[in-house]
């Protein structure tokens, strides 16, 4: 158990002062993510210009892990191409479920502060929900749920 | 009573979590098992196991007798008139579903009304919704006040000639509220309406006398009473059980079968199709022996002291709000901490070895009533002690410091 390493200052800071918090007025992609097990709800709006994520925002009710994950995600994908965002989504899911070897090359940067989540299986979904929802928004799926296979690429295990 | 000595009966309480002593405050979800019950399970599996009600050989006769003895212990525990009024199920949920299928599907019709309360666990909501959808029946809900107590006057106003059933939780799992079920049962009976009591949270903490209560059905699970998972009981008045249709079909629940016609067995067997959880039921009987030996009334008094102490400690912590402040409560404290989501609270408390439940406690209507997505819940048993309350208080302070 590495709870101490999970609630690090960077996560607490993003929880206290979430970046890109709110709703974009001129979004052309939008999705609502929901974790029915804990009631977390997340609303993601983004402006996709051709292949590039020009702007992104999120809002919702959630725990600190989910909110910090969403906040750091928005800063990580803003300005990136759709393909780069999908790569990050994939890598983050692998990180959270303990399948990513962080010593191998990856694109997650500071997002590796979430690596401790793999030791807390009941909290993995909290960290992943924003990424789920981003994937849904990029693929024009209106609703994402941690309990539905349709909105997200399949996850190994049932983390 | 020597409560330290009683506590020593529970080997799991010696566990260390990440080097810290386990502080188990999730007893409303499931209680722990004393060595006496563990030993009984071992003795059954090593010297008494066979299938029951069937063969003429020695082991089958022993197992059949021990299974029957367990039923009799449960009968005594709730003061039922007859042992055949006690049906072994897989747990409270299964018991409620049995009543829904056996009674509800036979006797409840389109336009009939079923009264439930805001305090119900999902297991006493969803089966009745399924029935209502199937039959075109209507569900009416008793509201609660800001303390988390049922508004009994409103309950009484819900009755009319279409009211056909009441499903009522004895003690709220999310808040600990003890409901005035005797008064509510009496009122329903004046309208000739049967009442099912979900006693999952009451049986471990309050002496139950089904004859004094005059309830029509009473359900609870073994694993909240220091017994094994996978077994519980449904008490039902014999006349009602006899009038009901079977829930599950299979072996043991018949007296004769041809492809033209099956005759059902007498109660309780009519409702115990297939091989029951024999070992778990016998373990349940041992758990009842264990609890009756201490005395539920002594347990209630001890836990009430813990509740008072914990309510005092948490009640004076700044930023901590207790949800559910009924005058009559079991030792359950649901709370929120300003600015911190309950799941973060649970994860950080776990770091100190403290096990609490966080979430909606399978009682989303209560969460909606108090306008919170979830709470943290500390639920106490007779093997908990005041120093564990102190550890909880210290844990909450750690949470507040991290989220400052």
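Protein chains in written order, with our numbering: chain G, 1 to 159; chain S, 1001 to 1404.
For every residue, glycine included, the Cβ atom is placed at its ideal position computed from N, Cα and C.
For clarity, every value in this text was computed on a predicted model and none was experimentally measured.
Taking the straight line between their C-alpha atoms, what separation do you get for residue 1259/S and residue 1039/S? Each residue's alpha carbon lies about 44 Å from the other.
Pairwise C-alpha distance: residue 1392/S and residue 1190/S: Taking the straight line joining both Cα atoms gives about 46 Å.
Please report the straight-line C-alpha distance between residue 1172/S and residue 1332/S, rounded to a whole angstrom. Distance between residue 1172/S and residue 1332/S, taken at the CA atoms: about 9 Å.
DSSP beta-bridge partners of residue 1359/S: The partner list for residue 1359/S (beta bridge, DSSP) reads 1375/S.
Any residues in the region 1363–1375 of chain S with a beta carbon nearer than 9 Å to a beta carbon of chain G? Which ones, in chain order? Cβ contacts with chain G: 1364, 1367, 1373, 1374.
Through-space distance from residue 1375/S to residue 144/G, alpha-carbon basis: For residue 144/G and residue 1375/S, the distance between alpha carbons rounds to 24 Å.
Would you check if the region 1107–1118 of chain S and the region 1087–1095 of chain S touch, i.e. whether three or more CB-CB distances between them fall below 8 Å? Touching, no, given that fewer than three Cβ pairs across the two stretches are closer than 8 Å.
Residue 1241/S and residue 1085/S closer than 8 Å at C-beta: Contact flag set, yes.
Secondary structure at residue 43/G, three-state DSSP: helix, strand or coil? Strand at residue 43/G.
Skipping 5 residues on each side, what residues in its chain have a beta carbon closer than 8 Å to that of residue 142/G? Cβ contact annotation for residue 142/G (same chain, cutoff 8 Å, sequence separation greater than five): 30, 31, 32, 136, in chain order.
From 1080/S, 1364/S, 1124/S, 1286/S, pick the residue whose C-alpha is nearest to that of residue 1201/S; which is it? Here the closest residue by C-alpha is 1124/S.
Is residue 59/G near residue 22/G, with beta carbons less than 8 Å apart? Result yes, Cβ atoms of residue 59/G and residue 22/G sit closer than 8 Å.
Can you tell me the Cβ-Cβ gap for residue 1217/S and residue 1037/S, rounded? I've got them flagged as a contact below 8 Å. Incorrect: roughly 26 Å between the Cβ atoms, too far for contact.
Would the region 1020–1027 of chain S and the region 1364–1384 of chain S be scored as touching if the rule is three or more Cβ pairs under 8 Å? In this structure the region 1020–1027 of chain S touches the region 1364–1384 of chain S; the number of beta carbon pairs closer than 8 Å is three or more.
Residue of 1388/S, 1232/S, 1379/S, 1206/S minimising C-alpha distance to residue 1353/S: Cα-wise, what sits closest to residue 1353/S is 1388/S.
Secondary structure at residue 1246/S, three-state DSSP: helix, strand or coil? The answer is coil: DSSP assigns residue 1246/S none of H, G, I, E or B.
Buried or exposed (CB count within 10 angstroms, at least 16 for buried), residue 1065/S: Within 10 angstroms of the beta-carbon of residue 1065/S lie fewer than 16 other beta-carbons, which makes it exposed.
Any idea if residue 1334/S is buried or exposed, counting beta-carbon neighbours within 10 angstroms, 16 or more meaning buried? Residue 1334/S is classed as buried because its beta carbon has at least 16 other beta carbons within 10 Å across all chains shown.
Using the Cα positions of residue 1074/S and residue 35/G, report the straight-line distance between them to the nearest angstrom. If you take the alpha carbons of residue 1074/S and residue 35/G, they lie about 40 Å apart.
Should residue 1121/S be labelled buried (16 or more other beta-carbon atoms within 10 Å of its own) or exposed? Counting Cβ neighbours within 10 Å, residue 1121/S comes out buried, since at least 16 surround it.
What does residue 110/G pair with, by DSSP beta-bridge criteria? Per DSSP, residue 110/G has no beta-bridge partner at all.
Could you name the residues of chain S that residue 11/G contacts, counting a contact when the two beta carbons are closer than 8 Å? Among the residues of chain S, none has a CB under 8 Å from the CB of residue 11/G; the nearest is roughly 10 Å distant.
Whole-number beta carbon distance between residue 104/G and residue 81/G, since they are thought to touch under 8 Å: Contact between residue 81/G and residue 104/G is absent: CB atoms are separated by about 22 Å, not below the 8 Å threshold.
Of the residues that make up the region 61–86 of chain G, which ones have a beta carbon closer than 9 Å to any beta carbon in chain S? Flagged, chain order: 61, 62, 63, 64, 65, 66, 67.
Is the shortest distance between the beta-carbon of residue 952/S and the beta-carbons of chain G less than 8 Å? Because chain S spans 1001 through 1404 in this model, residue 952/S falls outside it and cannot be assessed.
Is the separation between the beta-carbon of residue 1222/S and that of residue 1137/S shorter than 8 Å? No, the Cβ-Cβ distance between residue 1222/S and residue 1137/S is not below 8 Å.
First and last residue of the beta strand (DSSP E) that includes residue 144/G? Secondary structure note for residue 144/G: its beta strand (DSSP E) is the uninterrupted segment 143–145.
Mapping the DSSP letters down to three states, classify residue 1205/S as helix, strand or coil. In this structure, residue 1205/S counts as coil in the three-state DSSP scheme.
At the level of alpha carbons, what is the spacing between residue 1234/S and residue 24/G? Straight-line spacing of the CA atoms in residue 1234/S and residue 24/G works out to 55 Å.
Own chain partners of residue 1394/S with C-beta closer than 6 Å, once the 5 adjacent residues on each side are dropped: Cβ neighbours of residue 1394/S within its own chain (closer than 6 Å, five residues either side excluded): none.
Report whether the distance from the Cβ of residue 1349/S to the nearest heavy atom of the ligand HEM is below 7 Å. Looking at this structure, you won't find the ligand HEM or any other ligand, since it has none at all.
Do you know how far the Cα of residue 1305/S is from the Cα of residue 1380/S? About 11 Å.
Just by C-beta distance, which residues in the region 1311–1342 of chain S are closer than 7 Å to chain G? Legend: CB atoms of the region 1311–1342 of chain S lying less than 7 Å from CB atoms of chain G belong to residues 1341.
By the three-class DSSP mapping on this structure, what secondary structure does residue 1232/S have? In this structure, residue 1232/S counts as strand in the three-state DSSP scheme.
How would you list, in chain order, the residues of chain G whose beta-carbon sits under 8 Å from the beta-carbon of residue 1344/S? Ordered by position in chain G, the residues that pass the 8 Å Cβ test against residue 1344/S are 7, 63, 64, 65.
When you check each C-beta in the region 32–47 of chain G against every C-beta of chain S, which residues fall closer than 7 Å? Against chain S - using a Cβ distance shorter than 7 Å - the residues of the region 32–47 of chain G are 38, 39.
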